[in-house]
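In our numbering, each residue carries its 1-based index in the sequence shown increased by 93.
What follows is a single structure, written as structure tokens, with notes after it.
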Amino acid sequence: MRLKDKIALITGGANGIGLATTERFAKEGAKIILWDVSDKGGEVVEHLRSEGHDAIFKKISVTNKNEVQDALDEALEHFGRIDILINNAGITRDRTLLKMSKEEWDDVIAVNLTGVFNCTQSVAPIMKEQNYGRIVSASSNVAIRGNFGQTNYVATKSAIIGMTKVWALELGRFGITVNCIAPGFIHTAMTDAMPEEARTQSIPLIPLGKWGIPEDIANGYLYLASDEASFVSGICLTIDGGASR
Ligand SMILES: NC(=O)c1ccc[n+]([C@@H]2O[C@H](COP(=O)([O-])OP(=O)(O)OC[C@H]3O[C@@H](n4cnc5c(N)ncnc54)[C@H](O)[C@@H]3O)[C@@H](O)[C@H]2O)c1
94 MRLKDKIALI TGGANGIGLA TTERFAKEGA KIILWDVSDK GGEVVEHLRS EGHDAIFKKI
154 SVTNKNEVQD ALDEALEHFG RIDILINNAG ITRDRTLLKM SKEEWDDVIA VNLTGVFNCT
214 QSVAPIMKEQ NYGRIVSASS NVAIRGNFGQ TNYVATKSAI IGMTKVWALE LGRFGITVNC
274 IAPGFIHTAM TDAMPEEART QSIPLIPLGK WGIPEDIANG YLYLASDEAS FVSGICLTID
334 GGASR
């Protein structure tokens, strides 16, 4: 039980990597606060409860600071503290620079960048008060490598690496570690949307010769959220089968 009785807030925990993380954290003894725009979060939490775990769900968008603050107040009423924040919610709206609409740009910035800012800025004062916290956000290996058709997405994922370093500096003295992970290609709904050709072409570029699964990333979140990583802060942990070697 690497997270025994820790209170973990996971955004975008209803699907994909966030779902695998929610399930893994619960098995490791964490009590779960799940935020997602998808109603599926309700089913996920019901299932966790049926297995004897303590978990609550709130349908909110991380883009809305007021919703975030209200949901946080509700979560604090239920659990009394927040030990772990996993800024996992993210979206893609891929288009080449020459064709990208303002809406596609704005949507991705709102969720992947402003959403991470909103959640971290709301939760950090609670962690400061506790003199304890673990914050882990989802970057991507495309933040380092770039990717065709992802100006908006790469902008946000690079920014997460930068914000992580700033927050590690600012919050370290309050017992808070701040890190991010940079997944490569992982089988989820997000990557199911990619053209078959692009998926096939990606395999030879990965030394391990395959895509990862959500559990590979959940393991990374788990390490950085656990006390095993108590002296780790300001890093970006790449988990991509060696693609960014
Ligand atoms: N899948 C990959 O290959 C990959 C690679 C690198 C990074 N990532 C990052 O990992 C994270 C999880 O990705 P995934 O593949 O599991 O995606 P996914 O699409 O399977 O799941 C994302 C979840 O976020 C939720 N969400 C979307 N907008 C939201 C909002 N405004 N507020 C709250 N919740 C919202 C969705 O409903 C969904 O449950 C994302 O930040 C993504 O950018 C994924």
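No residue lacks a Cβ here, since even glycine has one placed at the ideal position from N, Cα and C.
Note that the structure is predicted; figures quoted are calculated from it, not measured.
Pick from T115, A164, V155: whose alpha carbon is nearest that of L206? V155
Is G105 close to ligand 1? I mean its beta-carbon at under 6 angstroms from any heavy atom of the ligand. yes
Any heavy atom of ligand 1 closer than 6 angstroms to the Cβ of A101? no
Please tell me whether, using a cut-off of 6 angstroms, the distance from the CB of G111 to the nearest non-hydrogen atom of ligand 1 is below it. yes
Report yes or no: do three or more beta-carbon pairs, one from the segment 194-209 and one from the segment 145-153, lie closer than 8 angstroms? no
With a threshold of 6 angstroms, establish whether the CB of V130 neighbours any heavy atom of ligand 1. yes
Cut-off 7 angstroms between Cβ atoms - residues of its own chain near T249, not counting five sequence neighbours on either side: V201, I202, N205, L206
Over the uninterrupted beta strand (DSSP E) stretch that includes R95, give me the two end residues. Note, R95: premise wrong, no beta strand (DSSP E); not H, not E.
Looking only at C-alpha atoms, which of A182, G268, E222, K303 sits nearest to S131? A182
Under 6 angstroms Cβ to Cβ from A168, same chain only, skipping five residues before and after it: list those, please. I126
How would you call T189, buried or exposed, if buried means at least 16 neighbouring beta carbons within 10 angstroms? exposed
With C-beta atoms as the reference, is L141 less than 7 angstroms away from F118? no
Verify whether the separation of the beta carbon atoms of S319 and N234 is less than 7 angstroms. no
Ordered along the chain, which non-local residues of its own chain (more than five positions away) have a Cβ less than 7 angstroms from that of A164? W128, K151, I153
According to the Cβ coordinates, are G226 and I274 closer than 7 angstroms? no
Might you give, ordered along the chain, the residues of its own chain that have their beta carbon closer than 7 angstroms to the beta carbon of S230, omitting 5 neighbours on each side? N180, V209, I253, T257, C273
Would you please state the rounded distance, in angstroms, between the beta carbons of I328 and G305? I believe it to be under 8 angstroms. Between G305 and I328 the Cβ distance is about 19 angstroms, and since that is not below 8 angstroms, they are no contact.
Following the continuous beta strand (DSSP E) through S230, name the residue where it begins and the one where it ends. 226-231
Excluding the 5 residues flanking M220 on each side, which residues of the same chain have their C-beta closer than 6 angstroms to its C-beta? G226, I269
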